[in-house]
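Here the structure is laid out as structure tokens; the discussion comes afterwards.
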Amino acid sequence: MNTEDQKKIAAEKATESVKSGMVVGLGTGSTVYYALLRLGDRVREGLDIVGIPTSDGTERIAVAQQIPLTTLAAHPTIDLTIDGADEVDRHLNLIKGGGAALVREKIIANASKKILIVVDESKVSRVLGTNFPLPIEIARFGWEATQTAVNQICSSSTLRLALAHDRDQPLITDNGNYILDCHFDGIPAPDQVELQLNNIPGVVENGIFVNRADKIIVGTPSGIRYMEGRNA
Ligand code: 5RP
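With my numbering, letter number 224 in the sequence shown gets 1309, and the count goes up by one each step, no holes.
So this is what it looks like as structure tokens:
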């Protein structure tokens, strides 16, 4: 099974936990995309859910899939969130934000009773921060000063640039901010680094998610395996 197939089986497996009546957090990324397609099929077959998207991109896909949407204001508690991750350790800690949606993803995670993370095998790592740079969303005002402070904690960081037609311009998030991608030689104490980074003025949020996931559904070349935690 190639990487794309691994993403698809993991995402589709997660959708089996979605039942009628649920408020569902809709994550962001190329793995969650397969979950959105499957949920769209099920909604058209009669599944009665409302979704809260974690990004403008996911909102567009959900609308195209005819998944009814709501807001956190209308539904402050989310029954189940399905989201992806960029790196996962054996304690179910995560690095997220490769898709620049980490702020809304963390807000949605915080409001969720249960969180399923869907990944392919390449995302599993022994120590966070060894395979993927940590995304940090920062305010545009004074961003150079924020980067200098962030660089006291990580080994180096780069301002993320926009794709396609805006190439060479900084990427602007759905919240109107910049993203720094921060390099570490591993993050052995992610709980501490998460707090340290968020204590820097100008940092809006960082992509370390500690003790949030209930279950990681991993698509592997030979099928699905599970990593379980919190409420599993
Ligand atoms: C977006 C995220 C995504 O969930 C993460 O980047 C994984 O994406 P993909 O499934 O495309 O690898 O955190 O901010």
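Heads up, the beta-carbon is just placed ideally off N, CA and C, and yes, glycines get one too.
Check: To the nearest angstrom, report how far apart V1148 and Q1237 are at their CA atoms.; Outcome: 42 Å
Check: Quick check on DSSP: helix, strand or coil for L1111?; Outcome: strand
Check: Where does P1275 sit, in a helix, a strand or coil, going by DSSP?; Outcome: helix
Check: For W1228, which residues in the same chain have their Cβ closer than 6 Å to its Cβ, ignoring the five residues on either side in sequence?; Outcome: Y1263
Check: Assign Y1119 to buried or exposed, taking buried as 16 or more other Cβ atoms, counted over all protein chains shown, within 10 Å of its Cβ.; Outcome: buried
Check: Would a C-beta distance cut-off of 7 Å place K1199 and E1172 closer than the cut-off?; Outcome: no
Check: Do you know how far the Cα of R1127 is from the Cα of S1307?; Outcome: 26 Å
Check: From C1239 to V1295, what does the alpha carbon distance come to, in whole angstroms?; Outcome: 18 Å
Check: Whole-angstrom Cβ separation of G1214 and D1168, contact assumed at under 8 Å?; Outcome: The pair is not a contact, with the Cβ atoms about 19 Å apart (cut-off 8 Å).
Check: Is I1163 closer than 7 Å to V1108 when the C-beta atoms are compared?; Outcome: yes
Check: Thinking C-alpha only, which one of L1282, V1103, R1145 is nearest D1266?; Outcome: L1282
Check: Which runs of the alpha helix (DSSP H) spanning at least 4 residues fall entirely within the region 1111-1185, listed in chain order?; Outcome: 1117-1129, 1141-1149
Check: Less than 7 Å between the beta carbons of S1140 and A1096, yes or no?; Outcome: no
Check: What did DSSP end up calling V1235 once you bin it into helix, strand or coil?; Outcome: helix
Check: Comparing the CB of K1300 with every heavy atom of ligand 1, is any distance shorter than 6 Å?; Outcome: no
Check: Can you tell me which residues form a DSSP beta bridge with V1303?; Outcome: V1204, R1310
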